[in-house]
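Enquirer:
4 protein chains.
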Amino acid sequence: MSAGLLERFDRIIARKGYANRSEAIRDLVRDRLVGEEWERGDGEVVGTLTLIYDHDAQALLMKLMDLQHEMHARVISTLHVHLDAHHCLETMVLRGPADAVHETADKIISLKGVKHGKLTATSIGEFLT
Amino acid sequence: MSAGLLERFDRIIARKGYANRSEAIRDLVRDRLVGEEWERGDGEVVGTLTLIYDHDAQALLMKLMDLQHEMHARVISTLHVHLDAHHCLETMVLRGPADAVHETADKIISLKGVKHGKLTATSIGEFLT
Amino acid sequence: MSAGLLERFDRIIARKGYANRSEAIRDLVRDRLVGEEWERGDGEVVGTLTLIYDHDAQALLMKLMDLQHEMHARVISTLHVHLDAHHCLETMVLRGPADAVHETADKIISLKGVKHGKLTATSIGEFLT
Amino acid sequence: MSAGLLERFDRIIARKGYANRSEAIRDLVRDRLVGEEWERGDGEVVGTLTLIYDHDAQALLMKLMDLQHEMHARVISTLHVHLDAHHCLETMVLRGPADAVHETADKIISLKGVKHGKLTATSIGEFLT
């Protein structure tokens, strides 16, 4: 790697609080491995799905609940925070084959009334030594 | 205390895994203090409200969501577990004056469609040294 | 039932927000059924264990984490709320045979450093029609 | 937009389960708005931080707990799932000025022993009509 590249990298990892460069590079490698696990599609992965929605959207609430129960083997649990009198944040822990988790998340994010939805891909951890 | 009483108490605390009698007695005292905090009514307490309900009970879902948002300053967050294709367990962390927390819990437990509801009284901890 | 008994009962359920007496009586019956499920000991139940502890109690943290992982088939998930700079509230959803859930809860509550712990017994719901 | 671009976009949104194109475009716009909220830096945002770590990493546990309590005004609550006998998934709901939330997340992700960490940026919702 060029000195310039390393220098910029070192500035970023210092700002992010890493103790040293090798710790930061290990995190990059693990992140890539997580990406690979998800791309394989059939391996078991874990993800968190974060949603913002308006609790007044009654039809949405029904569909959300139905989908979560339909997929109950995949939705381990859900944390719900009431942001204000109208807005909810919900974060669901999903587990299963990567393709299935993606499909569940897509179905939920695309529901009318979900104001913002993001699937965060992570790993059950056994390949991240 | 009579030897008989102590003996029975020691048998119970051994079964429950306490290392010694004074640890078990301290827990009894703290539990009583928590009870007192709740009975005073106006002090700040924390409680968890555990509910079992059928996710198909649509009217209930709407009311639950409305009540939680109406009380959003009191409902810190909610953990939702999908027990099977029909049943939900929800556990809410409530914080506020004891009387208000009780009132919120009562309103929710008495909703039609809640199959089982229990408020667990606990404390913000500062009096439990 | 005597008129006096009913009258007092009606006053309580009005205060608790029940729409009518039969709804309140059904809740009493269900609560008793949950009690029976737990007393049988070998049937599958669900409970929530609520703990207050000081996050500075490092030895406790280690033991809590170890116990939860040892029992990971029983501990479905845990919600953690930081009450202030020192106190934590943790509520765990436990599932399994009643005796085993009780044993897990007892082990955790009796740990040195847990300031308050309560197991709330509830049901997976299938007997609570 | 070219017909080819629209065609590819329509294929993607069909696969993702959107009912129509305008719903999908609205989601893109909202996602961009969330990005802007975070880039401004001083506006109030919400994010979820997802971590995978080994529960045997005792030093990490202590630091995680300390950081969460130090930042307790920002960490609304945490959901903990025991993936297996060794691995934990933790998802924290963080709220505060975007820069401060980022900083908290960076500090936590860079801790030695965190195997995978991702901050998911979202919004308190009021700008996402």
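Residue numbers (the numbering used here), protein chains in the order written: chain A, 3 to 131; chain B, 3 to 131; chain C, 3 to 131; chain D, 3 to 131. Backbone N, C-alpha and C fix where the C-beta goes; we use that ideal spot for every residue, glycine too.
#1: Would you mind giving the Cβ-Cβ distance between V36 (chain D) and A107 (chain D), rounded to the nearest angstrom? I have them listed as a contact below 8 Å.
#2: Does any residue of chain A have a CB that is nearer than 8 Å to the CB of L81 (chain C)?
#3: Give me the subset of the region 75-106 of chain D whose CB atoms are less than 8 Å from a CB atom of chain B, sorted by chain position.
#4: Checking contacts by CB at 8 Å: is M3 (chain A) closer than that to chain B?
#5: Do L81 (chain D) and T52 (chain A) count as a contact pair if the criterion is CB distance below 8 Å?
#6: Comparing the C-beta of T57 (chain C) with each C-beta of chain D, is any distance below 8 Å?
#7: Check whether the Cβ atoms of V141 (chain B) and V95 (chain B) sit closer than 8 Å, and answer yes or no.
#8: With 7 Å as the C-beta to C-beta threshold (strictly closer), list the residues of the region 57-72 of chain C near chain D in chain order.
#9: Secondary structure at D58 (chain C), three-state DSSP: helix, strand or coil?
#10: Using a beta-carbon distance below 8 Å, is G19 (chain D) in contact with chain A?
#11: Quick check on S112 (chain C): does DSSP put it in helix, strand or coil?
#12: Give me the residue from C:G19, C:I15, C:K18 and C:D33 with the minimum Cα distance to I126 (chain C).
#13: Kindly provide the ranges of any alpha helix (DSSP H) runs that are 4 or more residues long and lie completely inside the region 22-49 of chain C, ordered along the chain.
#14: Which of the three DSSP states, helix, strand or coil, is assigned to L53 (chain D)?
#15: For a quick check, are the C-beta atoms of Y55 (chain C) and G115 (chain C) less than 8 Å apart?
#16: Does DSSP classify R76 (chain A) as helix, strand or coil?
#17: Ends of the alpha helix (DSSP H) at G6 (chain D)?
#18: Less than 8 Å between the C-beta atoms of A100 (chain D) and E38 (chain D), yes or no?
#19: Between S4 (chain D) and K18 (chain A), how many whole angstroms is the CB-CB distance? I'm expecting something under 8 Å.
#20: Using C-beta distances below 6 Å, list every residue in its chain close to K120 (chain B), excluding the 5 sequence neighbours before and after it, in chain order.
#21: Using only alpha-carbon positions, find the residue among B:E105, B:H57 and B:R76 that is nearest to A87 (chain B).
Expert: The answer reads as follows:
#1: Here the question's residue 36 (chain D) lines up with position 34 in the fourth sequence. Here the question's residue 107 (chain D) lines up with position 105 in the fourth sequence. That pair is no contact at about 15 Å.
#2: Here residue 81 (chain C) refers to the residue found at position 79 when the third sequence is read from its first residue. At least one CB of chain A lies nearer than 8 Å to the CB of L81 (chain C).
#3: Along the region 75-106 of chain D, going in chain order, the ones with a CB nearer than 8 Å to a CB of chain B are I78, S79, L81 and V95.
#4: By one-based count along the first sequence, residue 3 (chain A) stands at place 1. The beta-carbon of M3 (chain A) is placed no less than 8 Å from the nearest beta-carbon of chain B.
#5: As a first step, residue 52 (chain A) is located in the first sequence; it is residue number 50 there, counting from the start. As a first step, residue 81 (chain D) is located in the fourth sequence; it is residue number 79 there, counting from the start. The beta carbons of T52 (chain A) and L81 (chain D) sit no closer together than 8 Å.
#6: Position 55 of the third sequence, counted from the start, is the residue given in the question as residue 57 (chain C). Residue identity differs from the one stated: residue 57 (chain C) is His in this sequence, not Thr. Judged by the 8 Å Cβ criterion, H57 (chain C) is in contact with chain D.
#7: Here chain B covers residues 3 to 131 and nothing more, so residue 141 (chain B) does not appear.
#8: If the cut-off is 7 Å between Cβ atoms, the region 57-72 of chain C has H57, Q60, L63, M64, M67, Q70 and H71 near chain D.
#9: Reading the third sequence from its first residue, position 56 is the one you call residue 58 (chain C). For D58 (chain C), the three-state secondary structure derived from DSSP is coil.
#10: Taking the first residue of the fourth sequence as position 1, residue 19 (chain D) is located at position 17. Residue-level contact check: G19 (chain D) touches chain A, since one or more beta carbons of chain A fall below 8 Å from its beta carbon.
#11: Stepping through the third sequence from its first residue, residue 112 (chain C) is reached at position 110. Reduced to three states, the DSSP call for S112 (chain C) is coil.
#12: Position 124 of the third sequence holds residue 126 (chain C). Nearest of C:G19, C:I15, C:K18 and C:D33 to I126 (chain C), Cα basis: C:D33.
#13: The region 22-49 of chain C contains, as complete alpha helix (DSSP H) runs of 4+ residues, the segments 23-42 (chain order).
#14: Taking the fourth sequence and counting its residues from 1, one reaches residue 53 (chain D) at position 51. Judged by DSSP in its simplified three-state form, L53 (chain D) adopts strand.
#15: Along the third sequence, read from residue 1 onward, the residue named residue 55 (chain C) stands at position 53. Along the third sequence, read from residue 1 onward, the residue named residue 115 (chain C) stands at position 113. Their beta carbons are under 8 Å apart, which means Y55 (chain C) touches G115 (chain C) by this criterion.
#16: Locating residue 76 (chain A) in the first sequence gives position 74, counting from the first residue. Annotated three-state conformation of R76 (chain A) is coil, per DSSP.
#17: Residue mapping note: residue 6 (chain D) aligns to position 4 of the fourth sequence, counting from 1. For G6 (chain D), the enclosing alpha helix (DSSP H) starts and ends at A5 to K18.
#18: Against the fourth sequence, residue 100 (chain D) aligns to sequence position 98. Against the fourth sequence, residue 38 (chain D) aligns to sequence position 36. Judged by beta-carbon spacing, E38 (chain D) lies beyond the 8 Å limit of A100 (chain D), meaning their Cβ atoms are not closer than that value.
#19: Taking the fourth sequence and counting its residues from 1, the one referred to as residue 4 (chain D) is at position 2. Taking the first sequence and counting its residues from 1, the one referred to as residue 18 (chain A) is at position 16. About 40 Å separates the beta carbons of S4 (chain D) and K18 (chain A), which is beyond the 8 Å limit, so they are not a contact pair.
#20: The residue you call residue 120 (chain B) lines up with position 118 of the second sequence. Excluding its 5 nearest sequence neighbours in each direction, K120 (chain B) has C-beta neighbours in its own chain below 6 Å: T52, listed in chain order.
#21: The residue you call residue 87 (chain B) lines up with position 85 of the second sequence. Here the closest residue by C-alpha is B:H57.
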